[in-house]
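Residue numbering for the sequence shown follows the working numbering, starting at 7 and increasing by one per position. Here a beta-carbon is modelled for each residue, glycine too, at the ideal position from N, C-alpha and C.
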Amino acid sequence: MHFDVLCLRFLMEADAPMYFPPGKAANMLRGAFGWILQQEDPHSASQLFSPKLSAGPSGLTDAPRPFVFRTAHLEGHRFAPGKRFPFGMNLFLDSEAALQKVVETFQKLERARLVSWSRAAKSVQLRPAQENVRKIRVTFLSPSEIKGNGGQILDEPDFGVMLCRIRDRVSTLRNLYGDGAVEMDFASFGERAAQVRLTRCELEHHDAERTSARTGQTHSLSGFTGIAEYEGDLDEFLPFLRAAAFTGVGRQTVWGKGEITFEKLA
7 MHFDVLCLRF
17 LMEADAPMYF
27 PPGKAANMLR
37 GAFGWILQQE
47 DPHSASQLFS
57 PKLSAGPSGL
67 TDAPRPFVFR
77 TAHLEGHRFA
87 PGKRFPFGMN
97 LFLDSEAALQ
107 KVVETFQKLE
117 RARLVSWSRA
127 AKSVQLRPAQ
137 ENVRKIRVTF
147 LSPSEIKGNG
157 GQILDEPDFG
167 VMLCRIRDRV
177 STLRNLYGDG
187 AVEMDFASFG
197 ERAAQVRLTR
207 CELEHHDAER
217 TSARTGQTHS
227 LSGFTGIAEY
237 EGDLDEFLPF
247 LRAAAFTGVG
257 RQTVWGKGEI
267 TFEKLA
């Protein structure tokens, strides 16, 4: 059982002065991407940018978008005309037509020119291997917000809650855009994840927000960055952490939030 992702990398050249305010680089690119799609091809926009669920829990109708941006290196940077900058997009929809539509859309950006792009297919094996890992460090590269079981935003990334959110996100993306939902006992997975202990936590909290040009609504882009270390029986959770490095974890991943990496410590 695998989780598949297409990692795209775009190299752009600025045609006009460009500035990416801290915490807003992915949102700027996401907004431009969505606006062009909606103007040029409403059908593709409904598939790629604003997919809907036919049914869902508690009246949920908005499906997770089949992509996330990778732009942490752009935050707070300026680019003069003629300067080049790269960014990444992870695409979870296995479709050549969708891929070509993504590339065509970025060819139409108003303030930057697409110089080149590349693709790399990645596949994460979700079945655990015997690695005998007892301790890991997770690094939160972009502001991350994780909801607890009661719906509150956690101050610290509890491992059990985080892995349940990752499990659900990976399974949903696989079900909507890949080979089907993850086949596993979700409840027992969560119970075992809850036994893993948070042993070290060094976080920095960030406050930011975005205002939608279309609706005028303001949304929080806040969250924490930093490191958290965990100890316990970790082998079965490592595949989901590897998948989460591509999908992100927590709220608003499509805006570049929740980007993580992890490393084994023991």
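Following the DSSP letters along the chain, one finds residue 112 in no beta strand (DSSP E) but inside the alpha helix (DSSP H) bounded by residues 102 to 112. Across the structure, residue 48 and residue 55 are spaced so that their CA atoms are roughly 10 Å apart.
Here residue 72 is buried. Its C-beta has 16 or more other C-beta atoms within 10 Å.
Judged by DSSP in its simplified three-state form, residue 176 adopts helix. Rounded to the nearest whole angstrom, the C-alpha separation of residue 26 and residue 161 is 27 Å.
For the 8 Å CB-CB criterion, residue 242 and residue 271 do not form a contact. Here residue 58 is bridged, per DSSP, to 68.
For residue 86, the secondary structure class from DSSP, reduced to helix, strand or coil, is coil.
Taking the Cα positions, residue 144 is about 37 Å away from residue 44. DSSP assignment within the stretch 119 to 185 yields the following whole alpha helix (DSSP H) runs of 4 residues or more, N-terminal first: 165 to 183. In the DSSP annotation of this structure, residue 244 is not part of any beta strand (DSSP E); the continuous alpha helix (DSSP H) holding it starts and ends at 244 to 253. With contacts defined as CB atoms closer than 8 Å, residue 229 and residue 149 qualify as a contacting pair. Where residue 234 is concerned, the enclosing beta strand (DSSP E) starts and stops at 229 to 237.
Excluding the 5 residues flanking it on each side, residue 128 has same chain C-beta neighbours closer than 8 Å at 10, 11, 12, 13, 252, in chain order. A Cβ-Cβ separation of about 15 Å leaves residue 75 out of contact with residue 179 under the 8 Å criterion.
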